[in-house]
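Here the sequence shown is numbered in my numbering, starting from 8 and rising by one per residue. Positions of the beta carbon are idealized from the N, C-alpha and C atoms, including for glycine.
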Amino acid sequence: TCVYMYTGNEVIPSCNNKIASYQYVEYQCIPTKTILVSTNSSCRNDGSKTIIPIDRNGRFQSYNYPTLIPMNCTYRLKTKPNYIMHIYALDISLNNYIDDCKSNKITFIEDTENQGLDFCEQRTHSLIYSSCSNELDLRYQITDASHMYSYGIELYIETRAHPFDWSCGGEEVLSTSTNPTIIHTIPTT
């Protein structure tokens, strides 16, 4: 993420109140070449969850990425106790650029919830979800693998100590672009 702002001529107190031009730049680095934490195997036949341990950070890819194949899997993302996970989209391409999550989607589900938050298209590198606890289900459902411009998912996941003021359960729309991103869990300070 990058924000660039040219503020023009301003009085700069730290420069003896001289008039100067300056630029403000804000950015966020999202690693794309970290260790792969997902297993390159299909779902278990018994319907049980596949445990994906996350130590500090890592990349999760759908099975056979970048090729879309029909699947219905639930992965259990798990990190250390008293930690949470931030999940960034590197590539979520499941529906030929159409943001309609009917046939193909991923869903993040917290332990305390019946339903979760669905994604099917997110091709920009951005934070899409922050967990409430150290465990989170990721449901990966592909019923239509015929989409020519769909490749599966690639996520970057990082962990951090559970902030003492972390509040979960609400929704907030962050509007930093023309396509707002919904972050499911919100820290309160």
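Coil, strand or helix - residue i by DSSP
i	result
K25	strand
R51	coil
D125	strand
P60	strand
L75	coil
C80	strand
R130	coil
Per DSSP, cross-strand counterpart(s) of residue i
i	result
E17	A27
G159	S100
A168	Y90
E142	K85
Local Cβ density within 10 Å of residue i, reported as buried at 16 or more and exposed below that
i	result
F126	buried
A96	buried
N52	exposed
S138	buried
F67	buried
N24	exposed
T166	buried
Integer Cβ distance of residue i from residue j, believed to fall under 8 angstroms
i	j	result
P88	N141	6 angstroms
E128	Y104	6 angstroms
C80	C50	4 angstroms
CB contact flag (residue i, residue j, <9 angstroms)
i	j	result
S28	N47	no
I116	K85	no
I94	L43	no
T114	L145	yes
P73	Y158	yes
Min CB distance residue i to chain D below 9 angstroms
i	result
H93	Given the protein chain composition of this structure (a single chain), no chain D is represented.
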